[in-house]
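J.: Counting in my numbering, the sequence shown runs from 505 upward without gaps.
Cβ coordinates follow ideal geometry from the N, Cα and C atoms, glycine included.
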Amino acid sequence: MSNLSPFVDRFFDQLSLAADLQEGHSYKSFLRGAVSTFLSGETPETAFAVYRAFFDSYRITLPGKNDPFIDLVDILRNYEATAATLIDKQRDHFIHAVNVFLTGLSIYAGSEAYRKAFDSAVPEKDYIYAYQTPHEEFFFRWGVAALFHDVGYPVEIVGHQINRFIRMVADADGDEVRVKAQIKFENFSELNHIREVVPKRPFTRAYYDAYESCSYIDLLTPNDLLAHHVHQTLGTDLMETKKAVDRFVDDMAASGFIDHGYYSAMIILKWYGYAIQRSGDHPERFYWPILDSATAILLHNYYRNVLQKKPFSLGPMAARKNPIAFLLILCDELQEWNREAHGILTRTFTLADTVHLSIKDGYLSATYVTRHGHLPPKFCQEKIELLQGLLDLKAIFPLGFDVDAESLDSFEPFKPQLQKVNARPLLKDIELLAIAIHARYCEKQLQDHPERPLDYPDFSQLPDDLKYSNLRQAQNICDRLEQVGYRLGPKGRKGAVKEFPPELVEFMAELEHEAWMQERLSRGWKLGERNAEKKTSPYLVPYDQLSEEIKDYDRDAIRNIPALVERGGMAVYGN
505 MSNLSPFVDR FFDQLSLAAD LQEGHSYKSF LRGAVSTFLS GETPETAFAV
555 YRAFFDSYRI TLPGKNDPFI DLVDILRNYE ATAATLIDKQ RDHFIHAVNV
605 FLTGLSIYAG SEAYRKAFDS AVPEKDYIYA YQTPHEEFFF RWGVAALFHD
655 VGYPVEIVGH QINRFIRMVA DADGDEVRVK AQIKFENFSE LNHIREVVPK
705 RPFTRAYYDA YESCSYIDLL TPNDLLAHHV HQTLGTDLME TKKAVDRFVD
755 DMAASGFIDH GYYSAMIILK WYGYAIQRSG DHPERFYWPI LDSATAILLH
805 NYYRNVLQKK PFSLGPMAAR KNPIAFLLIL CDELQEWNRE AHGILTRTFT
855 LADTVHLSIK DGYLSATYVT RHGHLPPKFC QEKIELLQGL LDLKAIFPLG
905 FDVDAESLDS FEPFKPQLQK VNARPLLKDI ELLAIAIHAR YCEKQLQDHP
955 ERPLDYPDFS QLPDDLKYSN LRQAQNICDR LEQVGYRLGP KGRKGAVKEF
1005 PPELVEFMAE LEHEAWMQER LSRGWKLGER NAEKKTSPYL VPYDQLSEEI
1055 KDYDRDAIRN IPALVERGGM AVYGN
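1) When you compare only the Cα positions, how much space is there between R619 and S1041?
2) Please confirm whether I939 and F963 have their CB atoms less than 8 Å apart.
3) Cβ of I632 within 8 Å of Cβ of D785?
4) Which same chain residues end up closer than 6 Å to Y778 when comparing Cβ atoms and leaving out the 5 residues on each side of it in sequence?
5) Among K1030, L937 and D983, which has the Cα closest to the Cα of E1070?
6) Might you give, ordered along the chain, the residues of its own chain that have their beta carbon closer than 6 Å to the beta carbon of R944, omitting 5 neighbours on each side?
7) DSSP on V702, reduced to helix/strand/coil?
8) Which class does V1076 belong to by DSSP, given the choice of helix, strand or coil?
9) What is the residue span of the beta strand (DSSP E) that V907 lies within?
10) So what's R563 in DSSP terms, helix, strand or just coil?
11) When you compare only the Cα positions, how much space is there between L838 and L1008?
12) Considering only their Cβ atoms, is the gap separating D857 from T874 smaller than 8 Å?
13) According to DSSP, simplified to helix, strand and coil, what is N603?
14) Which full runs of the alpha helix (DSSP H) of 4+ residues lie inside the stretch 686-757, going along the chain?
15) Going by beta carbon distance, what residues of the same chain come within less than 8 Å of Q949, once the five residues before and after it are set aside?
16) For the alpha helix (DSSP H) that V859 lies in, which residues bound it at each end?
17) Rounded to whole angstroms, what is the Cα-Cα separation between D623 and F790?
18) What does a CB cutoff of less than 8 Å around W775 pick up in its chain, not counting 5 residues either side in sequence?
19) Pull up the distance between the alpha-carbon of H846 and that of E840, whole angstroms please.
20) What runs of the beta strand (DSSP E), each 3 residues or longer, lie entirely inside the stretch 944-1024?
21) Please report the distance separating the alpha-carbon of P1066 from that of A978.
22) Distance, Cα to Cα, P820 vs M1012?
23) Between which two residues does the beta strand (DSSP E) holding K872 run?
24) Exposed or buried, which one is H876 when buried takes at least 16 other CB atoms within 10 Å?
25) In chain order, what are the residue ranges of uninterrupted alpha helix (DSSP H) at least 4 long that sit wholly in the stretch 782-837?
26) Name the DSSP bridge partner or partners of S520?
27) Please determine, among G537, H942, D517 and D630, the residue with the shortest C-alpha to C-alpha distance to T637.
28) Using the Cα positions of Q951 and I599, report the straight-line distance between them to the nearest angstrom.
29) Quick one: any contact between the stretch 754-765 and the stretch 601-612, if contact means 3 or more CB pairs under 8 Å?
30) Taking the C-alpha atoms as reference points, what is the distance between I579 and A523?
31) When you compare each of S973, N809 and P954 to H942 by their alpha carbons, which one comes out closest?
32) Does the separation of the CB atoms of L738 and L834 fall below 8 Å?
33) Identify which residue in A757, V648 and T725 has its Cα closest to the Cα of K688.
34) So, helix, strand or coil for L937, using DSSP?
35) Could you round the C-beta distance between H697 and T725 to whole angstroms and report it? I think they count as a contact, below 8 Å.
36) Starting from the Cα of Y1077, find the closest Cα among R1027, E1016, L1031 and P994 and give me that residue.
Structure, rendered in C-alpha cells:
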C-alpha cells in the first residue's frame, strides 16, 4: 500500500466541481469514495470504479449510446492478464494508470511550483470555457491524460505476441534466426480521421482563428492536431513535426517498436471529436483541453523516442511549456509499485510492492519497497538520470529529487529485538512505518534548514543504530497511544482522530523523548557533539533542557502519528 492517501485527501479538500455547485450533483463525493476504496485495496475492480467515476462525472451523453470510454476500459480490465501468454516482458497497465492519476494529484497538491507552472499555461488566452471552480480544469485535463494514457496498449501487445510467436516457430529447428514482424495498415487514413458530423467550418473556426498556422493543417486529422499542439507548446518547427508524426506509423513498422501512447492519443481525439460534435458541446472543449490531454499522452513516450533525437534534439522539458505532459512523463516513470507481472520473463523479476513519496514545496523523493528480494543495483540511479534527462526537475523541485529502494529483507536482523520489546498486531507494518517516519523527518529537516544537505536522505543509507531507532519509534506507536487512551484500528471507520489536543501532544512528546533517550543509552550512546558514528548526541538530556526547536521534533513525532499510521492502512481512534 502506498502513502498517497494524505496527499490525495488534500487535493480533494481543495477541489470543487461545477456540476455539484450548479446542478446539485454529488460527483466529487462519488469520485472521492471510489479513490479511497482503491487506495485501501488496489484491484482491477476498485480501479475500474475509479475509471467509471471519472468518466461518468464528465460523460458526454449521446442519444441511445453507452459511454464508449467506460466500455473500452471494461474490455481492458482483464485483457492484459489473458493476453500475456506469448509475451516476454509485460506489466500491469490497468491499475498502473489509476496510480499514475493519483500520483499526479498528489504532486499537484504538494508542489506550489507545479501549480504555478500549470496556471501560467492554462487556460490558454483564446480558451474561454475553462472551469472556474478551484482546480477543476487541472483535474479534468489530468484525468483524461492519466487514465487514458495506456488504452492503446493492445496494439503493442499484439505486436509483441506476433514477434514472440514467429520467433518461437523460427527457432524450432534449433537455428536461432531473428524474424521481425511488422504491423501495417492498409487504410490508416480511416483511423487518422475525425468524422464530420456538423459542418466543419463552424466547428473548427475558434481554433483556426486563434492560430494562423492552422492554414497548414487539417483540423479534423488527429496527426495534424497533435503536431500542431507540439509545435505550439514546445516550439518545434510545425512542418518538421507534422512530417515526423505522419511517418511515425511507418517508422514503428520498420523498427519493430510500437508506441502505444501514439495510438492512445489517436483514440482520444477520434472519439472525443465525434462525441463533442454529436452532443452539441462547445468545439473549444475539444480543441483546447482534450487536444492538450491527447498531446500529453503522445509525448509520454514520443518526447524521449523522437523529440529528443535529431532533427529536434530537445532538452529536458519545462513544466510551464506543457504542464500536463510534464506531469504524465514524471508520474508514469515514478509509478513502479504494485504492477503485477504478466509477461513470461517479467514474472521472474523483483518488482516494487509499495512506495513512500515525500512531497514538499521544492522537494520530491520516492522510496520503493520490496517485501522480498532487491530491485536491480542501478535502478535508483538510472531512474534519476532518466527523469533528469527528460524533465527540468530543478525548476519544480530546487531542493532536490531523489529515488531510493529498500527491501524488507534487510529488517530481518531486527525482528528478534522487536519481538522482545513488545509484539503487537501492527508488527507486520512496522517496517513500512519506520520508512515513513524517516521520510517525515527528512521533510522537516528540509523545511527548517533548506540550505543544509541531509545526512541520510534515504532510509537505506542509515546506520543500523538509526534504522533500529526508527523501528523502535514505529513499534512504540501502539504503546504510546494506549498510555493516553487511544488505539489503532483499520482505516475507514467513523470517529478517526486526525489530530491530538496541544496539551496531549506535549505530554506524549516528553514520553517520546524519554523513550528515545533510554533506547540510545541502552545501545551505548553518550552525551556529546552530534556524531552518529561515535554514538554521541547533545540531546541526551531531560526534556525540559531541550531547546524549543529540538522539542518540536518530538512534538512532530506525536502530531504525525495519525498521518503515519494512515500510510499503513490504519487510523487512530479514541477508546
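T.: In brief:
1) The residue given as residue 619 occupies position 115 in the sequence shown. The residue given as residue 1041 occupies position 537 in the sequence shown. Those two C-alpha atoms are separated by around 40 Å.
2) The residue labelled residue 939 in the question sits at position 435 within the sequence shown. The residue labelled residue 963 in the question sits at position 459 within the sequence shown. The answer is yes: Cβ separation under 8 Å.
3) Along the sequence shown, one-based indexing puts residue 632 at 128. Along the sequence shown, one-based indexing puts residue 785 at 281. Cβ distance not < 8 Å, so I632 and D785 don't count as in contact.
4) Position 274 of the sequence shown, counting from 1, holds the residue named residue 778. So the list reads R699, once near-sequence residues are dropped.
5) By one-based count along the sequence shown, residue 1070 stands at place 566. Closest option to E1070, Cα to Cα, is L937.
6) Start at 1 with the first residue of the sequence shown, and residue 944 comes out as number 440. Excluding residues up to 5 positions away in sequence, N1064 lie with their Cβ nearer than 6 Å to the Cβ of R944 in the same chain.
7) Within the sequence shown, numbered from 1, the residue matching residue 702 stands at position 198. DSSP places V702 in the coil class of the three-state scheme, outside both helix and strand.
8) As a position in the sequence shown, residue 1076 is number 572, starting the count at 1. Residue state, collapsed to three classes: strand.
9) Position 403 of the sequence shown, counted from the start, is the residue given in the question as residue 907. Run containing V907: G904 to S911, per the beta strand (DSSP E) assignment.
10) As a first step, residue 563 is located in the sequence shown; it is residue number 59 there, counting from the start. Three-state DSSP puts R563 in coil, outside helix and strand.
11) Locating residue 838 in the sequence shown gives position 334, counting from the first residue. Locating residue 1008 in the sequence shown gives position 504, counting from the first residue. Going by the C-alpha atoms only, they are around 38 Å apart.
12) Here residue 874 refers to the residue found at position 370 of the sequence shown. Here residue 857 refers to the residue found at position 353 of the sequence shown. Yes, the pair counts as a contact, with Cβ atoms nearer than the cut-off.
13) One-based indexing of the sequence shown puts residue 603 at position 99. The answer is helix: DSSP assigns N603 an H, G or I state.
14) 692-695, 704-714, 726-738 and 742-750
15) Walking along the sequence shown from the start, residue 949 turns up at place 445. These residues qualify, in order along the chain: R956 and L958.
16) As a first step, residue 859 is located in the sequence shown; it is residue number 355 there, counting from the start. Unbroken run through V859 is the beta strand (DSSP E), T858 to K864; no alpha helix (DSSP H).
17) By 1-based counting over the sequence shown, the position of residue 623 is 119. By 1-based counting over the sequence shown, the position of residue 790 is 286. Each residue's CA atom was taken as its position, placing D623 and F790 some 19 Å apart.
18) Residue mapping note: residue 775 aligns to position 271 of the sequence shown, counting from 1. If we look at W775 and ignore the five residues flanking it on each side, its Cβ neighbours are P572 and F573.
19) Taking the sequence shown and counting its residues from 1, the one referred to as residue 846 is at position 342. Taking the sequence shown and counting its residues from 1, the one referred to as residue 840 is at position 336. For H846, the predicted structure reports a pLDDT of 49, less than 50, and the residue's modelled location is therefore unreliable. A value from the coordinates is still provided. So the two alpha carbons sit approximately 14 Å from each other.
20) 990-994
21) For the purposes of this step, residue 1066 is taken as the residue at position 562 of the sequence shown. For the purposes of this step, residue 978 is taken as the residue at position 474 of the sequence shown. Distance between the alpha carbons of P1066 and A978: 12 Å.
22) Looking up residue 820 in the sequence shown gives position 316. Looking up residue 1012 in the sequence shown gives position 508. Straight-line Cα distance between these residues: approximately 47 Å.
23) Locating residue 872 in the sequence shown gives position 368, counting from the first residue. The sequence given here has Tyr at residue 872, not Lys. Y872 -> beta strand (DSSP E) spans Y867 to T874.
24) Here residue 876 is taken as the residue at index 372 of the sequence shown, counted from 1. Classification for H876: exposed.
25) 795-806
26) For this step, residue 520 is matched to residue 16 along the sequence shown. BP columns for S520 are empty, so no partner.
27) In the sequence shown, counting from the first residue as 1, residue 637 sits at position 133. For T637, the nearest C-alpha among the options comes from D517.
28) The residue given as residue 951 occupies position 447 in the sequence shown. The residue given as residue 599 occupies position 95 in the sequence shown. Roughly 33 Å between the two C-alpha positions.
29) no
30) The residue you call residue 579 lines up with position 75 of the sequence shown. The residue you call residue 523 lines up with position 19 of the sequence shown. Linking I579 to A523 through their CA atoms gives a straight-line distance of about 28 Å.
31) As a working mapping, residue 942 is identified with position 438 in the sequence shown. When only C-alpha atoms are compared, the closest one is S973.
32) Stepping through the sequence shown from its first residue, residue 738 is reached at position 234. Stepping through the sequence shown from its first residue, residue 834 is reached at position 330. Not closer than 8 Å, so no.
33) By 1-based counting over the sequence shown, the position of residue 688 is 184. Out of A757, V648 and T725, A757 has the C-alpha closest to the C-alpha of K688.
34) Taking the sequence shown and counting its residues from 1, the one referred to as residue 937 is at position 433. L937: helix per DSSP, three-state reduction.
35) Within the sequence shown, the letter at position 193 stands for residue 697. Within the sequence shown, the letter at position 221 stands for residue 725. Rounded to the nearest angstrom, the Cβ distance from H697 to T725 is 6 Å, consistent with a contact under 8 Å.
36) Your numbering for residue 1077 matches position 573 in the sequence shown. Nearest of R1027, E1016, L1031 and P994 to Y1077, Cα basis: P994.
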